Amino acid sequence: MLFVIVLYTQVSAQQSAIYTNELVLYNQALELYNNKQFLAAQNLFDKVKNASNDENVDADCTYYIANCAVWLNQKDADQLLETFVVQYPTSIKRNAAYLDAATYYFDNGKYAYARKWYDKVDISNLSRNEKEKYNFNNGYAYFKIQRFNEAKKFLTQVEDSPEYSAKAKYYLGFIAYEGDNYQEADKLFDEVKDLDQYNKNLSYFQSDMNFKSGNFQEAINEGLTQLPNSKPSEKSELNKIIGESYFNLGEYAKAIPYLKEYKGRKGKWNNTDYYLLGYAYYKQGDYQNAISEFNKIVGGNNATAQNAYYHLAESYLKTDQKQQALHAFKNASEMDYEAKIKEDATYNYAKLSYEIGNSYQSTPKVLLGYLEQYPNTEFEEEIRELLISSYITSKNYKEAMDLLEGSRNFADKEVYQKVAFYRGIELYNEMQYAEAISYFDKSLNEQVNSRFTAKAIYWKAESDYLLSNFEEALIGFKQFYETQQSSTTIEFDNIDYNLGYTYFKLKQYPQAAKHFESYSKKENIEDARKSDTYLRLGDSHFISSKYWPAMEAYNLAIKQNGADADYAHYQKAISYGFVNKHDKKIEDLVMFLKTYTRSTYRDDAMFSLGDVYISENKIEKGLGAYDRLIRDIPRSSYVPKALLKQGLVYYNANNGDKALSKFKKVVAEYPGTDESIQAVNTARLIYVDLGRTDEYASWVKGLSFIDVTDADLDNTSFEAAEKQFLENKEGAAISSLEKYLREFPNGLHALKSHFYVGQLYFKKGDKDAALPHYEYVLQQDRTEFAEQALARLSQIYLEKQNYKKAIPVLERLESDADYPQNIIFAQSNLMKSHYQLVNYQKTIEYADKVLANPKIQKEVKSDAKIFTARAAFKTLDMQRAKTAYAEVQKIATGELAAEALYYDAYFKNQDRDYKTSNETIQKLSKNFSGYRLYGSKGLILMAKNFYGLKDAYQATYILESVIKNFTDYPDVILEAEIELKAIKAQEAKTNSSIQTEQ
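Numbers given in our numbering equal positions in the sequence shown, counted from 1, plus 51.
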């Protein structure tokens, strides 16, 4: 028993020592905690807890460890507190833990965390002071997260608290202010206004409450009193309140300086802010500053925006910026917030469309739309007059005709007559002559204005002429000539010229000569036309065998020294032969060859010179002229003729071997041609004379186009088929010629037959059937049919847009053609074909060739310049493109003129000459609104120009309108969308009203 007692005594002493030691450490940790040395305290509490076996000590240590974690902002603090509550649910420190955590987070401004812990507190166990602190802190935490209803519930609990009353009333006042309960807010703010810490914050609220209550003067008075002493954060808002109060009192001059001092929310203004300042400037007559504010209102769609855009448009008008006004009126007219503004904006939009043009819609459609939308308008008479005039001035004749024919209510017969005429002219310029005639006929159905009647008769005849309807053209030109009003038109100046050509085409040469003679005596004829008149006068006399008058006319043409002076000189030389002046013919041909070293008639002259030398028995000179032709122009169609002539000369001189040499050369190099057939026949006579018939038979058997045994049958069959061709019996001719080719695929006349069949199918419009026949003709190197076959075949390929096949044919035509017009045709279409195949350097090369030719027509010259411009642009040779488009502008009409104007504006934009670029786009809009592609592209360019001029409103509105109105051009829409997105992103940096895509 003694042993047990001793042992117990020892154990008890050990426990007492341990407990005493723990208590000392615990107290040290508590002292560290109270001195806010939380990390050291936490470590010591942790040590005590690990050494203790007492549950109360463990609970207290766990509480303080978690609390230290809260104060130290350790990431597991929440979990430690939660663990404490779960492990020690009966601890008296549980509520204190919640309250301490909430207080910590509150003091550190983490109100959401504070709210979480306040929700766990049991307020029944709190002292009065703790309860007041709990209610205020809880209310303030709700206030800071803008949950005002919950905040009010707690703050009203301490409204009478000695410690928290003033704070609570201030925040309750603010809650009332935010809820627009200005009476309650004013009462509460009044109770704390003598307290310095709150009074300095109340000035803004009281001024703003007066403003919102409509007490603008009181708002101004309060704001002006408080402004000098207000905080920087409130100064901007006070300026806004004062400025808007002056604005609402109509004192715009006073409003402006305060409105300008407003800094915006987070450094950004919104559309309403810009409107207020803009309208204040507008009311002061300061339109330029008004514009600079209004045009920052981007993408607005409410009553304020509608009002702003309307006054922006008026400001533009006041400063003579009509294009900008057009867009702003259009924008205001598309909004339905204020009916009066919408109607007035629509009226002004319609009037401006008439005045300056419209790229979105034709002017007649805009005016008609206004009358349909506002049938009882006081401006009905004015708009009707503009509508009638607009059909002519808009120059969008296609749509004008559609409107007129769809609604004749607003158009008199004279307007219809004129618009139909102008539409016909438009189609004529686009070389759609058959359709043009239909519109000239429509114009002639309303013969109200006799002058336009005469003009329609003339241009219908012109169209008939270009369609080769020469009989109808002659009737028209004669009718025009006899019309009383014709002499008052500009067309009358050229009527003799046109009649002369028409008679010429009808092969009525004496009548043609009469009119060409009459026209040549007119004054002020341009040189090119005068030269051409002399040529055709000469030709008319020449064909009528009146050679001396022909030579007189050719001499006048030579004197003009025009593009066709070489032709006149050649024809004059030939004419001498017909009046038996062979020496003069020789002299003129020799002179021709010296003078015109690059003429396309050089081979004609050489051949003719050879002929005249032979006829004058100057055999050596004749043979030498033929040799010169064969040597200098080896691809001329005269070469086989020259060789044949040389052979005949040798044959007539009994020099059989030399003759045979020439004939065999013709046959070998030009098989199947008339010359080769004649060469074979003449060679046969020589072989017979020489007694060498076996040699002839052997030679002929090797020729694919000669069948000696069937020669007679061959000739008979072909002659029967050709007879159908010459008598214009097209169906029978095709049938007979194809039968001949089946029977004699390599016959004497196979070449000519293939050519005839090709021509017949081409005339019928069966181009596919014509193709193989032209290709057969072109298998021979150079024949009399080659040039026409080349022209036709290339035309077929071009119509099929098969440019790869067209190019080699066109190249051969360019090389081999005798007729200048075929060379021009080849070069101009090589230019276009290379462009389609993206070979821009070749495009420019051929365009240069075309432009170097002095004989090209205006339309061909225009084409060459436009393709030069396009190709240069594609190859980024901007200076050349710019120069070329400038040249196109001088001569182009219709769509080409629209394209040239667009690029003129484009280059001005590139040079940052935004204002002039826009002026050019206005011309495009007014004069070429029918060409919507360039109209839409021009509008995008205009938007870029306006943004360059710092007018974001114009830029964005135009782009939005393009996206809405030009859906038929997806590439244009895409460009507009990209540009709009970029501008809005930039403008959103300073305007909070702008919505940008994320």
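Where a beta carbon is used, it is the ideal one built from N, C-alpha and C, also for glycine. The structure displayed is predicted, hence computed values, not measured ones.
Rounded to whole angstroms, how far is the Cβ of residue i from the Cβ of residue j, which I believe are closer than 8 Å?
i, j, result
"residue 681", "residue 694", "7 Å"
"residue 357", "residue 388", "5 Å"
"residue 495", "residue 507", "5 Å"
"residue 95", "residue 80", "4 Å"
"residue 192", "residue 219", "Their Cβ separation, rounded to whole angstroms, is 13 Å, which puts residue 192 and residue 219 out of contact at 8 Å."
"residue 598", "residue 626", "4 Å"
"residue 968", "residue 996", "5 Å"
"residue 295", "residue 325", "Rounded, the Cβ-Cβ distance is 13 Å, inconsistent with contact."
"residue 342", "residue 363", "6 Å"
Between which two residues does the alpha helix (DSSP H) carrying residue i extend?
i, result
"residue 291", "283-299"
"residue 807", "801-815"
"residue 548", "546-556"
"residue 836", "It is not in any alpha helix (DSSP H) - residue 836 carries neither H nor E in the DSSP assignment."
"residue 602", "598-611"
"residue 932", "929-942"
"residue 654", "653-666"
"residue 879", "871-887"
"residue 863", "854-867"
"residue 274", "267-277"
"residue 308", "303-312"
"residue 328", "322-334"
"residue 581", "578-594"
"residue 782", "781-794"
Could you tell me which of the options sits nearest to residue i, measuring between CA atoms?
i, options, result
"residue 481", "916, 442, 431 and 911", "911"
"residue 580", "597, 183 and 616", "616"
"residue 644", "575, 507 and 657", "657"
"residue 91", "111, 116, 1014 and 568", "116"
"residue 614", "489, 651 and 590", "651"
"residue 1102", "583, 578 and 577", "The chain is shown only over 52 to 1049; residue 1102 falls outside these bounds and no answer can be derived."
"residue 641", "354, 653 and 374", "653"
"residue 292", "312, 282 and 280", "312"
"residue 953", "963, 973, 791 and 962", "973"
"residue 504", "521, 484 and 528", "528"
"residue 141", "86, 534 and 114", "114"
"residue 697", "168, 686, 723 and 669", "669"
"residue 490", "478, 498 and 500", "478"
"residue 713", "723, 691 and 725", "691"
"residue 814", "846, 410 and 837", "846"
"residue 635", "294, 660 and 611", "660"
If the criterion is Cβ atoms closer than 8 Å, does the pair residue i and residue j meet it?
i, j, result
"residue 918", "residue 898", "yes"
"residue 829", "residue 844", "yes"
"residue 618", "residue 586", "yes"
"residue 303", "residue 271", "no"
"residue 702", "residue 655", "no"
"residue 474", "residue 452", "yes"
"residue 149", "residue 171", "yes"
"residue 407", "residue 372", "no"
"residue 454", "residue 467", "no"
"residue 1034", "residue 378", "no"
"residue 419", "residue 403", "no"
"residue 724", "residue 799", "no"
"residue 665", "residue 673", "yes"
"residue 876", "residue 842", "yes"
"residue 978", "residue 416", "no"
"residue 1094", "residue 938", "Nothing in the structure corresponds to residue 1094, since the chain is present only between 52 and 1049."
"residue 322", "residue 1012", "no"
Indicate whether at least one CB of chain D lies closer than 8 Å to the CB of residue i.
i, result
"residue 302", "You won't find chain D in this structure, because it holds only one protein chain."
Compute every distance between the C-beta of residue i and the non-hydrogen atoms of the ligand NAD, then say whether any falls below 7 Å.
i, result
"residue 923", "As far as ligands go, the structure on display features none, and thus does not contain the ligand NAD."
Which runs of the alpha helix (DSSP H) spanning at least 4 residues fall entirely within the segment 958-1034, listed in chain order?
-> The qualifying runs are 965-978, 983-999 and 1003-1016.
3 or more residues per run - each beta strand (DSSP E) lying fully within the segment 103-161 | Whole beta strand (DSSP E) segments, 3+ residues: zero.
Please go through the segment 678-747 and give each complete beta strand (DSSP E) segment of 3 or more residues, from N-terminal end onward.
-> Unbroken beta strand (DSSP E) runs of no fewer than 3 residues, entirely contained in the segment 678-747, are not found.
Of all the alpha helix (DSSP H) runs that stay within the bounds of the segment 362-433, which reach a length of 4 or more residues?
-> Contiguous alpha helix (DSSP H) elements confined to the segment 362-433 occur at 373-384, 390-407 and 414-424, taking only those with 4 or more residues.
Ordered list of alpha helix (DSSP H) runs contained in the segment 501-543, each at least 4 residues = With a minimum length of 4 residues, the continuous alpha helix (DSSP H) runs that stay inside the segment 501-543 are 501-517 and 521-533.
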